[in-house]
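Protein chains in written order, with the UniProt record's numbering: chain V, 1 to 205; chain Y, 1 to 205. Positions of the beta carbon are idealized from the N, C-alpha and C atoms, including for glycine. If you're wondering where the values come from, they're calculated on a predicted model, not measured in any experiment. In what follows, a single structure is set out as structure tokens and then discussed.
Written out as structure tokens, the structure reads:
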């Protein structure tokens, strides 16, 4: 380890900024340095506005107590939107997936953010996820359908199975996203699992 | 264009944060969203410290009036370091290159940050770069050698030629970085220009 102020004349302050930027996903040490330089080149136009946006967002945004979505109000604007179907609940792994579905504007019901998926390997059990709050919401009796929009991975499928079992007593119908060839997907680059799933779930043309 | 609060339930505040993050080099819209989520997941541990680091850095760090390096003091710590050779000046395109040379600990003289290279295509002329301050520094008579550590590109070579011409009257010796095969570089993946330069500049083994 070369001490920052020996191998590098960047001040401790800049080093600290780089270290924090490097914690962002997709950022390595090298790209964090480039980002720091970009910020240093435009303090008034980028660095201070970004600092302010982070501070005010950190202070304003919190998880919704009902669904786990992130918003400046709690319950969030989705949960309190009278135009949304309160009887259909879409279960997602995280907020990123909720945002993706909202961008696609395909789901007009409510959401439930699980906060992860079950994983024996990573030691994630049901108690680590927002499973009990989900059961409580569905047991209220207002929910007609629970859509499991979990990742198409082994852990995602395990979690869907588990939730299906736990949700059975509530009487709500439990559905899953269809699996198949994605839009625009060329068959020759699809993996075998996708092709098998797409063939198995084939429908009349 | 889908309005942020229609196609996406992320608040305007989060949208603004994402838009600012997307301005960082190497960040696209998608990775900025992932970065925003990572920040939102850890407000106290990452988002607020990063906001503070940006604010304090923006307020503290400024370009050195002598060499153009970024530091919290002006003149910077390199320019005022009595252990460095005041008679050797290394000319670099930007602060990133200065940092790279400092990390390698190979130059014990001073620096001069040009702020770019000449480019007919991008319309960058000598008046856009810190050329006059360089000539003033060298004309003082204290500078024995000017090392042109400019990028090994057409624009970098053009700039080096131009600076060599302008520096001739000062009497200082002007040198350039050697070109050749980089350390650990396999010959079969080198481009022709590098191989040609390395062969031309061959030395006794």
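- In terms of CA proximity to residue 22 (chain V), Y:50 leads the group Y:20, Y:50, Y:198.
- Around residue 23 (chain Y), the beta-carbon contacts reaching into chain V at under 7 Å are 46.
- By the CB criterion at 8 Å, residue 131 (chain V) and residue 111 (chain V) fall outside the cutoff.
- Within the region 70–103 of chain V, the residues whose Cβ lies closer than 8 Å to any Cβ of chain Y are, in chain order, 70, 71, 72, 76, 77, 78, 94, 95, 96, 98, 99, 102, 103.
- Here DSSP, grouped into helix, strand and coil, assigns residue 62 (chain V) to strand.
- One alpha carbon belongs to residue 16 (chain V), the other to residue 60 (chain Y), and they sit about 13 Å apart.
- Taking 7 Å as the Cβ-Cβ cut-off, the region 51–67 of chain V approaches chain Y at 51, 53, 54, 55, 56, 57, 58, 60, 61, given in chain order.
- Counting along the chain, residue 175 (chain V) sits inside the beta strand (DSSP E) bounded by residues 173–176.
- With a beta-carbon spacing of about 6 Å, residue 109 (chain Y) and residue 90 (chain Y) fall inside the 8 Å limit used to define contacts.
- When 9 Å is used as the limit between beta carbons, residue 26 (chain Y) is near these residues of chain V: 26, 27, 31, 34, 35, in chain order.
- Rounded to whole angstroms, the separation of the alpha carbons of residue 72 (chain Y) and residue 55 (chain Y) is 13 Å.
- Taken through DSSP and simplified to helix, strand or coil, residue 104 (chain V) comes out as helix.
- Nearest C-alpha to residue 98 (chain Y) among Y:176, Y:198, Y:68, Y:155: Y:68.
- Assigned with DSSP and collapsed to three states, residue 18 (chain V) falls in helix.
- For the region 113–136 of chain Y, the beta-carbon criterion of a distance under 8 Å to any beta-carbon of chain V is satisfied by none of its residues.
- Minimum Cα-Cα distance from residue 182 (chain Y) among the listed residues Y:174, Y:194, Y:173 corresponds to Y:194.
- Nearest Cα to residue 66 (chain V) within the set V:162, V:140, V:170, V:196: V:140.
- Ranking V:164, V:170, V:37 by CA distance to the CA of residue 144 (chain V) puts V:170 first.
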